[in-house]
Amino acid sequence: MTENDLRQRLLAVDPDISREAERRAWQAVRRVCHPGPARRRRVRRRAAVPALACVVLLTGGVLAAAGRPRGSLTRWLRAAIGEAAPPRARPTLGGLPGGGRLLVNAAGGPWIVGAAGRRTYLGAYTAAAWSPHALYLIAWRGTDLAALAPRGAVQWTVAADGPVSVARWSPDGYRIAYLAGHALWVIAGDGTGDHRLRAVVAPVAPAWQPRTGLRHRIAFVDARGAVELADADTGARLWRIRVSGWPRQLIWSPGGTRLVVVSRNRLSLYDADGRLLAAGPVARGEHVTGAAFAHVGLRLAVAFTREGQGSLGVLAATRAGLSHPPQVVFSIRQPLSSVSWSPGDRWLLTASPPADEWIFAPATPPAKLLAVGRISAQFRARPTGPDRFPGLGGWQVGAGRPGGG
Amino acid sequence: MHGTDRSPSLGRIPFDGPTREEEVTDRAHSDAALVRAAREGSEAALESLFRRHWRAAHRAAYLVCLDAAAAEDVAQEAFLAAVRSLDRFDRRRPFGPWLHRIVVNRAIDWTRRRTARREVCGGALPDVPDDPGPLPEETEDLLLALSELAPDHRAVIVMRYVHDLSPGEIARALDVPRGTVNSRLRRGLDKLSEQLEREPSR
Numbered sequence: 127m128t129e130n131d132l133r134q135r136l137l138a139v140d141p142d143i144s145r146e147a148e149r150r151a152w153q154a155v156r157r158v159c160h161p162g163p164a165r166r167r168r169v170r171r172r173a174a175v176p177a178l179a180c181v182v183l184l185t186g187g188v189l190a191a192a193g194r195p196r197g198s199l200t201r202w203l204r205a206a207i208g209e210a211a212p213p214r215a216r217p218t219l220g221g222l223p224g225g226g227r228l229l230v231n232a233a234g235g236p237w238i239v240g241a242a243g244r245r246t247y248l249g250a251y252t253a254a255a256w257s258p259h260a261l262y263l264i265a266w267r268g269t270d271l272a273a274l275a276p277r278g279a280v281q282w283t284v285a286a287d288g289p290v291s292v293a294r295w296s297p298d299g300y301r302i303a304y305l306a307g308h309a310l311w312v313i314a315g316d317g318t319g320d321h322r323l324r325a326v327v328a329p330v331a332p333a334w335q336p337r338t339g340l341r342h343r344i345a346f347v348d349a350r351g352a353v354e355l356a357d358a359d360t361g362a363r364l365w366r367i368r369v370s371g372w373p374r375q376l377i378w379s380p381g382g383t384r385l386v387v388v389s390r391n392r393l394s395l396y397d398a399d400g401r402l403l404a405a406g407p408v409a410r411g412e413h414v415t416g417a418a419f420a421h422v423g424l425r426l427a428v429a430f431t432r433e434g435q436g437s438l439g440v441l442a443a444t445r446a447g448l449s450h451p452p453q454v455v456f457s458i459r460q461p462l463s464s465v466s467w468s469p470g471d472r473w474l475l476t477a478s479p480p481a482d483e484w485i486f487a488p489a490t491p492p493a494k495l496l497a498v499g500r501i502s503a504q505f506r507a508r509p510t511g512p513d514r515f516p517g518l519g520g521w522q523v524g525a526g527r528p529g530g531g
Numbered sequence: 008m009h010g011t012d013r014s015p016s017l018g019r020i021p022f023d024g025p026t027r028e029e030e031v032t033d034r035a036h037s038d039a040a041l042v043r044a045a046r047e048g049s050e051a052a053l054e055s056l057f058r059r060h061w062r063a064a065h066r067a068a069y070l071v072c073l074d075a076a077a078a079e080d081v082a083q084e085a086f087l088a089a090v091r092s093l094d095r096f097d098r099r100r101p102f103g104p105w106l107h108r109i110v111v112n113r114a115i116d117w118t119r120r121r122t123a124r125r126e127v128c129g130g131a132l133p134d135v136p137d138d139p140g141p142l143p144e145e146t147e148d149l150l151l152a153l154s155e156l157a158p159d160h161r162a163v164i165v166m167r168y169v170h171d172l173s174p175g176e177i178a179r180a181l182d183v184p185r186g187t188v189n190s191r192l193r194r195g196l197d198k199l200s201e202q203l204e205r206e207p208s209r
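In order, the protein sequence lines correspond to chains Z and P.
Residue 200 in the numbering used here sits at position 74 of the first sequence; the count goes up by one each step and never skips.
Residue 90 in the numbering used here sits at position 83 of the second sequence; the count goes up by one each step and never skips.
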């Protein structure tokens, strides 16, 4: 490689894919340098320490559980910040620290939470999932599958062949895969071309491979617990791999080059051709309860639970494998479940169902945690409605405002 | 296209990028003129300076940090630091290299801090780049190869081949002897070549 080749290759690297970094940076510079005559003051970094939040120093990476009072994060935070700080728990979800819009699948139906905290109830559906650019949602209840606008207006509906349990929109928006009964079906984004891809699959959410051009490729778990990648239009099998442990979650990296298969005690990393790159059991007694790739990059957030203690970590899924141990974002004495990245990948959101809490944490430690309680009550469609803990359905960009982290 | 009686105030560049006409207008103003106008409080001049130098600053930060989020922070803070120091800036000198010096030094600091934190944490994320998404695989290979280099070595390579600075200018910017720059360049290039030959694109 000549020096000129190196120069050309270095200059070809452009980390600013969406120009959002430039927008954010300019806004920050303008705010500081030209705050405006009415608000001319020294601009400080916002101290993101709401009433419930607290700085959790993680010089050791993990908070030692010993010595901390038992109980919820809320109580621990109160104890940690002492009487000097207002001991008010945050009873309602205010704005989302990472901006964007959060889809919440509650017992009475899905909700969308806006960046400022406004909640929109979408109707009595079992659950919903975002379209790739958050312009629509695909929702389901019983045997009905419905495409919705973000305010709940129905765009189209189809009657499925069996009870729908999950649906996923393809990254290009042209296909939707859904499980009806035991079968995997695929339908076009406009509600046409419904066809069965496989008669029997496992009840695990299928995962569309991103960045496949005009092809639509979907990974799913077959009836025997193997992972298969298939062409969703022709039905052709591209590869099938046997994995150790029963897969619970399939996650493609944003670039479509890595597939993570999550089972209860194992994380396995494959390349796009189904070749195993890395696999390993998590620590003894530790269970993986949720995982998610950042919107950009190869960072994989993983929620672990061990003996009632939850930890949220970030791994790098590189060509060399999965970095281990993970960079621990925080660890608390309560189990954690699912995890979502904010638009812009600066914040992580995880849930603690036993404590009825959500916990927001910056993706890079030291983490300033923000916990919100009474989550079930805040997403109850009716006062007497069911009280199942709401699931995280995805954290997407705000309407008409891409990015936002 | 632009008469000499045109107002010296610069047209505001729309967010989606300058039109060709605006770009020509913008280029017609030197960095020195923009710095002078920015010092006098012109937001348009400041924005022009920002738009002109942001991408290069961001790229340099990214190539040293190999972390998209950190690169954004580093480039943004470096630009703010530069703007805050405009009063002390010698306008006879070019703005770009001055800004890049701040960017690269801050990027090195960030990388060292992260390394220190990782050691404290007992091992965590390796220095690997974020997935560039649509970037070609040879670029991905380049980023992986860069991640094998020490941050100081990455920095001199970025300053030499991205900013086109001479070893003497790099030495002044990083406050190290020129011989150190030359040896870091040599070692960095050797290791890059070795890594790139070892790791062909799939």
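Quick reminder that beta carbons are idealized off the backbone N, C-alpha and C, glycines included.
Please read these numbers as outputs of a predicted model, since none were measured by experiment.
Taking all protein chains shown into account, decide if residue i is buried (16 or more other Cβ within 10 angstroms of its Cβ) or exposed.
i        : result
Z/Gln134 : exposed
P/Pro15  : Confidence is the limiting factor: at P/Pro15 the pLDDT is only 26, short of 50, which leaves the residue's position unreliable, though a coordinate-based value still follows. With fewer than 16 Cβ atoms within 10 Å of its Cβ, P/Pro15 is classed as exposed.
Z/Gly268 : exposed
Z/Val239 : buried
Z/Trp372 : exposed
P/Val31  : Confidence at P/Val31 is low in this model, with a pLDDT of 37, below 50, so its placement is unreliable and the value that follows should be read with caution. Exposed, by the Cβ-count rule.
Z/Ala379 : A quick correction: the sequence has Ser, not Ala, at residue 379 of chain Z. With 16 or more other Cβ atoms within 10 Å, it is buried.
Z/Gly499 : buried
Z/Leu475 : buried
Within the same chain, show all residues whose beta-carbon is closer than 6 angstroms to that of residue i, passing over the 5 residues directly before and after it, in chain order.
i        : result
P/Glu206 : In this predicted model, P/Glu206 has a pLDDT of only 46, less than 50, meaning its place in the structure is not dependable; the value taken from the coordinates is given anyway. For P/Glu206, where only same-chain residues beyond five positions count, the Cβ hits under 6 angstroms are Asp148.
Z/Ser463 : Thr415, Gly416, Ala477, Pro479
Z/Val326 : His308, Ala349
P/Leu229 : This structure does not reach residue 229 of chain P, given that chain P is present from 8 up to 209, and the question cannot be answered.
Z/Arg165 : Note that Z/Arg165 scores 36 on pLDDT, short of 50, meaning its location in the model is unreliable and no value can be drawn from it.
P/Leu172 : Met166
Between the alpha carbons of residue i and residue j, how many angstroms are there, rounded?
i        : j        : result
Z/Pro297 : Z/Ala417 : 19 angstroms
P/Trp105 : P/Leu151 : 28 angstroms
Z/Gly517 : Z/Arg324 : 27 angstroms
Z/Ala497 : Z/Gly339 : 40 angstroms
P/Arg166 : Z/Thr490 : Looking at the sequence itself, residue 166 of chain P is Met, so the reference to Arg does not match. Using only the alpha carbons, I get a separation of about 27 angstroms.
Z/Gln375 : Z/Val387 : 6 angstroms
Z/Ala352 : Z/Pro329 : 12 angstroms
Z/Ser389 : Z/Val428 : 12 angstroms
Z/Ala345 : Z/Arg366 : 9 angstroms
P/Arg58  : P/Ala77  : 19 angstroms
Z/Arg216 : Z/Ala255 : 27 angstroms
Z/Ala265 : Z/Asn231 : 10 angstroms
P/Arg193 : P/Ile109 : 23 angstroms
P/Arg19  : P/Ala51  : Only weak support exists for where P/Arg19 lies, its pLDDT of 25 falling under 50; the coordinates are left without a value.
P/Arg120 : P/Val111 : 14 angstroms
P/Ser49  : Z/Tyr262 : 42 angstroms
Z/Trp467 : Z/Gly225 : 11 angstroms
Z/Asp131 : P/His160 : 18 angstroms
Are residue i and residue j touching if we call contact CB-CB under 8 angstroms?
i        : j        : result
Z/Leu424 : Z/Arg384 : yes
P/Val163 : P/Arg191 : yes
Z/Gln504 : Z/Thr218 : yes
Z/Ala469 : Z/Gln435 : Checking the displayed sequence, the identity of residue 469 of chain Z turns out to be Pro instead of Ala. Not a contact, by the Cβ cut-off of 8 angstroms.
P/Ala114 : P/Cys72  : yes
Z/Trp152 : P/Glu47  : no
Z/Pro258 : Z/Trp311 : no
P/His107 : P/Ala75  : no
P/Val42  : P/Phe102 : yes
Z/Gly519 : Z/Pro236 : yes
Alpha carbons only, please: which of the options is nearest the one belonging to residue i?
i        : options                                : result
Z/Ser502 : Z/Phe515, Z/Thr490, Z/Thr431           : Z/Phe515
Z/Trp282 : Z/Arg157, Z/Arg322, Z/Asp316           : Z/Asp316
Z/Thr318 : Z/Arg337, Z/Val327, Z/Ala286           : Z/Ala286
Z/Val440 : Z/Gly434, Z/Thr431, Z/Gly447, Z/Val455 : Z/Val455
Z/Tyr396 : Z/Thr431, Z/Asp359, Z/Leu355, Z/Arg301 : Z/Leu355
Z/Thr360 : Z/Ala420, Z/Trp467, Z/Arg301           : Z/Arg301
Z/Ser437 : Z/Ala446, Z/Ser449, Z/Val465           : Z/Val465
Z/Arg149 : P/Ala67, P/Arg161, P/Ala82             : P/Ala82
Z/Val347 : Z/Gly278, Z/Val155, Z/Leu305, Z/Val422 : Z/Leu305
Sorted by chain position, which residues of the same chain lie with C-beta nearer than 8 angstroms to residue i's C-beta, five sequence neighbours on each side aside?
i        : result
Z/Ala210 : Reliability of the predicted coordinates at Z/Ala210 is poor, the pLDDT of 27 falling under 50, and the value obtained from them is presented with this limitation in mind. Closer than 8 angstroms at the Cβ level, and outside the excluded window around Z/Ala210, lies no residue.
Z/Ala398 : Gln335, Gly382, Thr383, Arg384, Leu385
P/Leu156 : Ile164, Gly195, Lys198, Leu199
Z/Arg227 : Ile238, Val239, Gly240, Ala241, Ala260, Pro276, Trp521, Gln522, Val523, Gly524, Ala525
Z/Val280 : Ala272, Ala273, Leu274
Z/His342 : Ser296, Asp298, Tyr300, Arg301, Val312, Trp334, Asp357, Ala358, Asp359
Z/Gly447 : Leu395, Leu403, Ala404
Quick check: is any heavy atom of the ligand NAP less than 7 angstroms from the C-beta of residue i?
i        : result
Z/Val455 : With respect to the ligand NAP, the structure offers nothing, as it holds no ligand at all.
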